[in-house]
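Report on the structure given below.
In the numbering used here, the protein residues as written are 90 to 297.
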């Protein structure tokens, strides 16, 4: 089975599981989010072993803040906005992956992540803008989200690069090997972290 097929099948299962938990909401969604946050923190502690106490403390908040953001969005802002968060994150990742593979020539950050390209970044931003925007119009969400989508796509890519930098410093390819074709929870959720936190922030500030 090809790497792309394994990656795709795993991704589809993860998306289905995330959507199912999101639709259920309540305690089920809270338990899923708490479990994932715990796994993220565990992987973080493995990566930063020997880096000092500040890194361990940072990892606690790195896992906690997006978890709280997702729970707040689901219970206070609603399912439609939560799905928008997912759409922006997933479309950024998928758009960057395929645009990078198809058109990638100029390296985005070769010292951090040699495989990422400028073309991939543009593809991710375009996908997030189009799909996130389509969801906004379809569900009549706040129009400010149309501006947020490309900005948050950049943040998602920055989150990806941040985690790539951590892995390079730790000398590992993936944060773990739980997910075939994807690595660990940190590898899969590094883009969701900033998008979830930023979405909750703009909602709390009344900007959308």
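Just so it is clear, CB atoms sit at the ideal spot from N, CA and C, and this is done for glycine as well.
Since the model is a prediction, treat every value here as computed from it, not as a measurement.
Within a Cβ cutoff of 8 Å, which residues of the same chain sit near residue i, ignoring the five residues on either side of it in sequence?
i	result
residue 151	129, 130, 133 and 282
residue 112	168
residue 230	169, 170, 173, 224 and 297
Pull up the distance between the alpha-carbon of residue i and that of residue j, whole angstroms please.
i	j	result
residue 114	residue 292	19 Å
residue 244	residue 217	12 Å
residue 333	residue 117	As shown, the chain starts at 90 and ends at 297. That puts residue 333 outside it, with no answer to give.
residue 126	residue 149	9 Å
residue 170	residue 256	31 Å
residue 272	residue 101	15 Å
residue 122	residue 110	9 Å
residue 203	residue 93	19 Å
residue 279	residue 159	14 Å
residue 147	residue 153	10 Å
residue 294	residue 287	10 Å
Using a Cβ-Cβ cutoff of less than 6 Å, which residues in the same chain neighbour residue i once the five nearest sequence positions on both sides are dropped?
i	result
residue 197	205, 206, 207 and 210
residue 269	95 and 99
Please look up how many angstroms separate the CB atoms of residue i and residue j, rounded, as I've assumed it's under 8 Å.
i	j	result
residue 236	residue 179	With 8 Å as the limit, residue 236 and residue 179 do not qualify as a contact, their Cβ atoms being about 19 Å apart.
residue 213	residue 182	7 Å
residue 161	residue 290	Contact flag wrong, Cβ pair sits at about 10 Å.
residue 173	residue 234	6 Å
residue 177	residue 241	5 Å
residue 155	residue 285	4 Å
residue 252	residue 275	6 Å
Starting from residue i, trace the alpha helix (DSSP H) in both directions and tell me its first and last residue.
i	result
residue 288	281-293
residue 203	Not the alpha helix (DSSP H): residue 203 falls in the beta strand (DSSP E), residues 202-206.
residue 197	No alpha helix (DSSP H) contains residue 197, which is instead part of the beta strand (DSSP E) from 196-198.
residue 239	233-259
Within 10 angstroms of its Cβ, does residue i collect 16 or more other Cβ (buried), or is it exposed?
i	result
residue 239	buried
residue 189	buried
residue 194	exposed
residue 260	exposed
Taking 7 Å as the limit between beta carbons, can you name the residues of its chain near residue i, skipping five residues before and five after?
i	result
residue 85	Residue 85 lies beyond the stretch modelled for the chain, which goes from 90 to 297, so this question has no answer here.
residue 215	184
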